[in-house]
Each structure stands twice: as C-alpha cells, then as structure tokens.
Amino acid sequence: MNEITTIGLDLAKHVFQVHGVDASGAPVVRKRLRRSEVVAFFARLPGCLIGLEACATAHYWARLRAVGHEVRLMPAQYVKAYVKRNKNDAADAEAICEAVRRPTMRFVPIKTAEQQAALLVHRGRERLVRQRTALVNALRAHLAEFGVIAPLGLRNVARLIAVIRDESDARLPDLARKVLRVLAEQVEQLEAAVAALEKQLMAWHKSNPVSQRLATIPGIGPIIATALAATVVEASGFRSGREFAAWLGLVPRQHSTGGKARLGGISKRGNRYLRRLLINGASANLLRSKATNADPWVIGLRRRRPSLVVAVALANKTARIAWAVMHRQENYQRMAAAA
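In this note's numbering, the protein residues as written are 1234 to 1572.
Encoded structure:
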C-alpha cells in the first residue's frame, strides 16, 4: 500500500472499482469496494493522487481530500480515449488512473457543499417553472375549447383563473369547471413555490460578493449572477474570457483542416443552463436597455445580422465580461464612449 502514488476510482451507486499504480506506472492494486468501504479504505492509505470522472456524486467523493489525498475530477469524454478495449468497471478505473496523470489533461474544479446547494435551488426552480409552463399551456388549451382566451404572458393567467372561479360565467359547464379549478390551484401552488425559491436565491445573492459583483454587469440579474457564482469555482481556471465563452458553448463551432478555417454556428457545448440564461438576459437587455441599443457595436451588428444572432453575440460578450469581473474581483465599469 505504501507504493501507491495514483489511483483511478470508478464511481457507482453500490460497487466501486479501484485501480492503483506506483511511481513507475505499474499496477499495484485492483480492488472492488462497497460504498460503505470507500472512506475507510482511503483513510488507511498515505496521501496520493485520486482521479475521478466528473459525473453524478463526483463532487461529494472529491471530499476525500479531507483524509489527506489530492483529488482531481475530469470530464468523462476526456477519459473515454484511454479505455483500451471493452468497457467494464475495471477498464474504466484503469483509464481514469491513466488519464489523471497526463500533463495536458483538463480538470473540473471541485464545488463546495454551499455551491452545490445554490445550484440545487436553481435546478429546483427550473423544474417548477417547466411544470408551471406545462400547466398554463394546458389551462389555455382547455379554456380555448369553450371560447375563453387571454393575451399571452404569465401575468394574464390570472384572468383565466378568475373565469374558472366565476360561477356565474355560463361559458364553462360545471363538470369542466371542477377539473379546471384543480389545474388552476396547481398553477398557483407552483407560482408560490417558484417565488419562495427565488427569495432564497436573492438571500444567497446578497450574501455572496462574487454574485453581487456579477450583477453590476448589464444583462445580468440576480438569477444569472447566482448561477455563475455557484457554477464557476475558480475563474483563474480559464486563461481568457474567450476560453470561458467557449466553455459555455457561445463561440462558433470549428471544422477546419488543411489551413482552411470553417466556422459554423455556436458549438452549444458546456453548461446549457448558463448559456440559455445569458442569451435570455442579452435578449432582454437589447429590448429594454437604451444604453445597450446606443452602443455602436450593437448598432453595427444589428445592421448586418438577425436579432437572435445579435443576442447570442451579446451573450458571448457578456460572458467574457463576467469572466473578467470574477478574475479581477472588481465591479463592472462601463467604458466611456469615445467623443
């Protein structure tokens, strides 16, 4: 056991696979562990390098650092290339052990429990918003069958609910009214639950200096700021704002060869949730901000490209600014326009 320098740990729900090598890379230990045995096994080992795939539960197991080990997380697609032949737990653990020792490997920063909790609030809110949207669409469709409609927008759903609860409105049969009342109550419950989660996010935002700095950027509000602050552990992990925007999938997809560059649409890689938030924020910024619409860069871009392309380009720019704000630990300051 004293010879082990690097371990690849293949995570699972119940049975984990360990592959350990010495300084020369020769295998020293191949072992299967039950979930209850993992912490005790690593607590007995002297400090070594542990590689994990950045998959479900990976950030929890990365806290093996508490027993004196160095833990590194890697994207699963980067580890796949090191699987020699057939896929099984032992082969996966060996591939992880090999990949974590590569000098050019890219690693995933380990999130704290507090950051995971903030992201959980975001995931819970997103799920409730989807459920609310589905119920509102169902409510509109059912009422339209009886000739009851309302303008688009969540703020106009209250009109539909008022019709459902108005017993004197003869457009709805009693049987339909009973069913629609159940759906209306669920919409209101989801609305209250979403508001409660947003209140929690606002409280976290006020207590987090990184989130507050990010909120000074045009097009970024508390929702986007908290999502960025909870997701990005270390801004210094990215060499530049462009690399950060590429990580979010906001840069053109490349298919270049023979010295000829071929660029397509955005790559849509990385964090889909953050990318969607930034594009939605950019769209709202273009719609409501006079300062943004007066920017010569935005004006020139709007003359040449469609509105959605402009929103994506602005989201790319916003992501680069967000990286600079996190990296420099300073509030955003708009540059004065040239005279």
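Built from N, CA and C at the ideal position, the CB exists for glycine as well.
- For Met1338, DSSP records no beta bridge to any residue.
- Phe1274 sits in a helix when the DSSP states are folded into three classes.
- Pairing Gly1284 with Gly1253 gives a Cβ-Cβ distance that is not under 8 angstroms.
- In its chain, beyond the 5 residues on either side, Thr1464 and Leu1481 have a beta carbon closer than 7 angstroms to the beta carbon of Asn1504.
- For Thr1238, there is no enclosing alpha helix (DSSP H), as DSSP gives it neither H nor E.
- Comparing alpha-carbon positions, the option among Gly1454, Leu1510, Leu1541 and Ile1394 lying closest to Asn1370 turns out to be Ile1394.
- According to DSSP, residue pairing for Ile1283 in a beta bridge involves Ile1240 and Val1304.
- Ile1457 and Leu1510 have their C-alpha atoms some 6 angstroms from each other.
- Rounded to whole angstroms, Ala1323 and Val1261 show a C-alpha spacing of 13 angstroms.
- Within its own chain, the residues whose Cβ lies closer than 8 angstroms to the Cβ of Cys1330, once the five positions on either side in sequence are excluded, are Thr1239, Ile1240, Gly1241, His1252, Gly1253, Val1254 and Gly1284, listed in chain order.
- One alpha carbon belongs to Gly1258, the other to Glu1236, and they sit about 11 angstroms apart.
- Ranked by how close their Cα comes to the Cα of Val1312, the residues Leu1306, Ala1332 and Asn1319 have Ala1332 in first place.
- Counting only residues of its own chain and dropping the five nearest sequence neighbours on each side, Arg1553 has a CB closer than 6 angstroms to the CB of Gly1474 and Ala1478.
- Gly1474: member of the alpha helix (DSSP H) spanning Gly1474 to Trp1480, first to last residue.
- In chain order, Leu1361 place their CB closer than 7 angstroms to the CB of Ala1426, counting only its own chain and leaving out the 5 sequence neighbours on each side.
- The beta-bridge partner set that DSSP reports for Ile1499 consists of Pro1485.
- Rounded to the nearest whole angstrom, the C-alpha separation of Asp1528 and Leu1447 is 20 angstroms.
- Look at His1247 here: in three-state DSSP terms it is coil, with no helix or strand label.
- Where Pro1442 is concerned, the enclosing alpha helix (DSSP H) starts and stops at Pro1442 to Leu1447.
- Residue pairing by DSSP places Leu1266 opposite Phe1249 in a beta bridge.
- Residue burial is scored here from C-beta neighbours: Asn1549 has at least 16 other C-beta atoms within 10 angstroms and is therefore classed as buried.
- Around the beta carbon of Ser1401, a 10 Å sphere encloses fewer than 16 other beta carbons of the protein chains shown; the residue is thus reported as exposed.
- A distance below 6 angstroms between beta-carbons, with the five flanking residues on each side excluded, links Leu1376 to the following residues of its chain, in chain order: Leu1393.
- Taking the Cβ atoms as the reference, Pro1455 lies roughly 20 angstroms from Leu1423, outside the contact range of under 8 angstroms.
- Of the candidates Leu1547, Arg1404 and Phe1340, Phe1340 places its Cα closest to the Cα of Ala1291.
- If you draw a straight line from the Cα of Lys1501 to the Cα of Val1484, it comes to about 8 angstroms.
- Between the stretch 1347–1363 and the stretch 1314–1328 there are fewer than three C-beta pairs closer than 8 angstroms, too few to call the two in contact.
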